[in-house]
Amino acid sequence: MGQEISKEKGPTMANGGVRTIADIKSNVTPIWCPGCGDFGVLSALYRAILAMDLDLKNTVIVSGIGCSGRLPIFTKCYGFHGVHGRVLPTATGVKLANPKLTVIAVGGDGDGLAIGGGHFPHAAKRNVDITYIMMDNSVYGLTKGQGSPTTSSDFHLKSLPYGVREVNLNPVALALAYNVSYVARAYSGQIEQMTQLYTDAIRHKGFSFVHSISPCTVFNDTYKYYRERVAGIPKEHDPADKKAALDLWQTRGKVYLGLFYRDLREDLSSQVARLSSGLKAAGGATMEDLLDEFV
Ligand SMILES: Cc1ncc(C[n+]2csc(CCOP(=O)(O)OP(=O)(O)O)c2C)c(N)n1
Ligand code: SF4
Numbered sequence: 002m003g004q005e006i007s008k009e010k011g012p013t014m015a016n017g018g019v020r021t022i023a024d025i026k027s028n029v030t031p032i033w034c035p036g037c038g039d040f041g042v043l044s045a046l047y048r049a050i051l052a053m054d055l056d057l058k059n060t061v062i063v064s065g066i067g068c069s070g071r072l073p074i075f076t077k078c079y080g081f082h083g084v085h086g087r088v089l090p091t092a093t094g095v096k097l098a099n100p101k102l103t104v105i106a107v108g109g110d111g112d113g114l115a116i117g118g119g120h121f122p123h124a125a126k127r128n129v130d131i132t133y134i135m136m137d138n139s140v141y142g143l144t145k146g147q148g149s150p151t152t153s154s155d156f157h158l159k160s161l162p163y164g165v166r167e168v169n170l171n172p173v174a175l176a177l178a179y180n181v182s183y184v185a186r187a188y189s190g191q192i193e194q195m196t197q198l199y200t201d202a203i204r205h206k207g208f209s210f211v212h213s214i215s216p217c218t219v220f221n222d223t224y225k226y227y228r229e230r231v232a233g234i235p236k237e238h239d240p241a242d243k244k245a246a247l248d249l250w251q252t253r254g255k256v257y258l259g260l261f262y263r264d265l266r267e268d269l270s271s272q273v274a275r276l277s278s279g280l281k282a283a284g285g286a287t288m289e290d291l292l293d294e295f296v
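Below is the structure:
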């Protein structure tokens, strides 16, 4: 999976003069709380950008609202801090407007599965070539500790004096059910693997989803919980086997990390480009021609 990652230097120095992680960092210091899992996500993303030699001026990070939503500010890539729950429509629009850009969407579990939950299946269905990093702390961090769609009965939140009375959503299970073409899970406590998965996900041509467990040290400190349960997906798992992937997420007592599922179906922009050139060759009107009539 992916190539070997160097922590210090990228493979070449071609794009945007990026040589080290310092070249990717903006001059804004992250203000997340000490130990916040979001630091791990940011660090893995820096390393993935470096390892892939991404051109910063052609890379866009779109975010939702939440502590997690601050992430783009800490990079020199282009950023779009949108409204709560709308990270996927915004990222989709950016990619369709300019398919040459590398587009990465980031946001919390509240952003992506509560207010924004309706957008996830549609992004999956369209298979737009973007990468979605869901930073899951199983709590609303920014608004100070309310339960989120992924808060499970294993967690105890001050804001829920009667405990969790609802069944939690599982982001990997949803992604598999929605037919997301790349489904993986990473954990902020394991940066090397997180970096590999981000690199692999960004390279995937289609909608890639990395469920990124990112504990909130203030309102839901789950580091101990995950330390005791995370395990690598067994080497013999075939990522083309959806049934086996579904079994993996349901394994009791274990939280598997790694690549669950990958489907190499054609992404939306590639389909449009292929169909447009076919239409042009046949003398038909492409979408651009039709739109031009209204200019
Ligand atoms: C339309 C709208 N509704 C509600 C809010 C209030 N709000 C801001 S962030 C947030 C949830 C944050 O949780 P999550 O998305 O999981 O991100 P985290 O802060 O945990 O990273 C809410 C409800 C808002 N900003 N906009
Ligand atoms: S409140 Fe939680 S999620 Fe937000 S910055 Fe602090 S530790 Fe991170």
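Residue numbers (the working numbering): 2 to 296. Don't be surprised by glycine CBs; every beta carbon is placed ideally from N, CA and C. Source: prediction; values computed, not measured.
Just to confirm, is the Cβ distance from GLY207 to SER182 under 8 Å? yes
Would you tell me roughly how many angstroms separate the C-alpha atoms of GLY83 and SER64, rounded to the nearest one? 6 Å
As assigned by DSSP and simplified to three states, the class of HIS212: strand
Verify the contact flag: THR30, CB atom, against every heavy atom of ligand 2, threshold strictly below 7 Å. no
Mind checking GLN251: buried by the 16 CB within 10 Å criterion, or exposed? exposed
Can we count ILE116 as close to ligand 1, meaning its CB is less than 7 Å from some heavy atom? yes
How many Å lie between GLN4 and GLU193 at the Cα? Any reading at GLN4 needs caution, since the residue's pLDDT is 38, under 50, leaving its predicted position unreliable; the model's value is listed next. Distance between the alpha carbons of GLN4 and GLU193 is about 12 Å.
Could you check the C-alpha separation between THR200 and MET136 for me, to the nearest Å? 16 Å
Note down the Cα distance separating SER44 from PRO162, rounded to an integer number of angstroms. 35 Å
Rounded straight-line distance, which links the Cα of LEU269 to that of ASP155: 39 Å
Is the distance from the Cβ of GLY74 to the Cβ of GLY67 below 8 Å? Inspection of the sequence shows that residue 74 is occupied by Ile rather than by Gly. Contact: no.
Starting from VAL42, trace the alpha helix (DSSP H) in both directions and tell me its first and last residue. 39-53
Taking DSSP as the reference, what is the three-state secondary structure of GLY18? coil
Would you mind listing the alpha helix (DSSP H) stretches within the segment 97-156 that are 4+ residues and don't spill past its ends, in chain order? 120-127
Looking at the structure shown, is ASN221 part of a helix, part of a strand, or coil, going by DSSP? strand
Counting along the chain, where does the beta strand (DSSP E) carrying THR60 start and finish? 60-64
Per DSSP, what kind of secondary structure is TYR199 in: helix, strand or coil? helix
Does any heavy atom of ligand 2 sit closer than 7 Å to the C-beta of LEU43? no
ARG186 by DSSP, collapsed to three states: which one? strand
Mind checking whether ALA246 and VAL296 have CB atoms under 8 Å apart? no
Kindly give me the distance between the Cβ atoms of ARG48 and THR196, rounded to whole angstroms, as I take these residues to be in contact under 8 Å. 4 Å
Give the single residue among GLY164, GLN147, GLY142 and GLY118 whose Cα lies nearest to the Cα of LEU170. GLY118
Would the C-beta of GLY284 count as close to ligand 1, meaning under 7 Å from any of its heavy atoms? no
Quick check on this structure: which residue in ILE116, ALA187 and LEU260 has the alpha carbon closest to the alpha carbon of TYR227? ALA187
Can you name, in chain order, every residue of its own chain whose Cβ lies under 6 Å from the Cβ of VAL219, other than the five neighbours on each side? CYS34
With DSSP run on the structure shown, which of helix, strand or coil describes THR76? strand
GLY233 - containing beta strand (DSSP E), residue span: 231-233
So, for LYS126: in the same chain, excluding its five sequence neighbours on each side, which residues have a beta-carbon less than 8 Å away from its beta-carbon? TYR179 and ASN180
Could you say if the segment 141-160 and the segment 93-108 meet the contact criterion of at least three C-beta pairs nearer than 8 Å? no
Secondary structure of GLY259, DSSP reduced to three states: strand
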